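Q: Heads up, the sequence shown is in our numbering, so the first residue is -1 and it goes up one at a time.
Before I ask anything, here is the structure I am working with.
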Amino acid sequence: ISLFFNAKKPGENELDSVDMKFLYKEGFERILPEAYESILSEIFKRDKTNFLTTKELEAAWKFVDQIHEYWNTHNNLKYYPAGTNQLV
């Protein structure tokens, strides 16, 4: 994460852009797992905490399918031009 701020230079009357970075790896001493390492570890340990059951997945798709079906049968979805900041 990187944010830029305009900050007054010490002892001067002018502003300078300052990059305020948060680097996760430098912010914590713990070694971070590589991509997929955590999820694969959970699979091998049979830890199902971060996984859906078949019934949960089917329920989620049933919910999403209803929204999708409504959009397909009711052509009143409003599209806004890219970059707009006003209601159409």
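Note that beta-carbon positions come from the ideal geometry of N, C-alpha and C, so glycine has one too.
Model, not experiment: these values are computed from the prediction.
Roughly how many angstroms lie between the CA atoms of Asp14 and Lys7, to the nearest whole one?
A: The residue labelled residue 14 in the question sits at position 16 within the sequence shown. The residue labelled residue 7 in the question sits at position 9 within the sequence shown. Roughly 6 Å between the two C-alpha positions.
Q: In the structure shown, what three-state DSSP assignment does Asp63 receive?
A: For the purposes of this step, residue 63 is taken as the residue at position 65 of the sequence shown. Helix.
Q: Helix, strand or coil: which one does DSSP assign to Lys23?
A: To locate residue 23, count along the sequence shown from 1; it is residue 25. The answer is helix: DSSP assigns Lys23 an H, G or I state.
Q: Within its chain, find whatever has a CB closer than 6 Å to the CB of Ala58; leave out the 5 residues flanking it on each side and keep chain order.
A: Numbered from 1 along the sequence shown, position 60 holds the residue referred to as residue 58. Hits under 6 Å: none found.
Q: Alpha helix (DSSP H) containing Leu38: first to last residue?
A: Working through the sequence shown from its first residue, we reach residue 38 at position 40. Residues Glu35 to Phe42.
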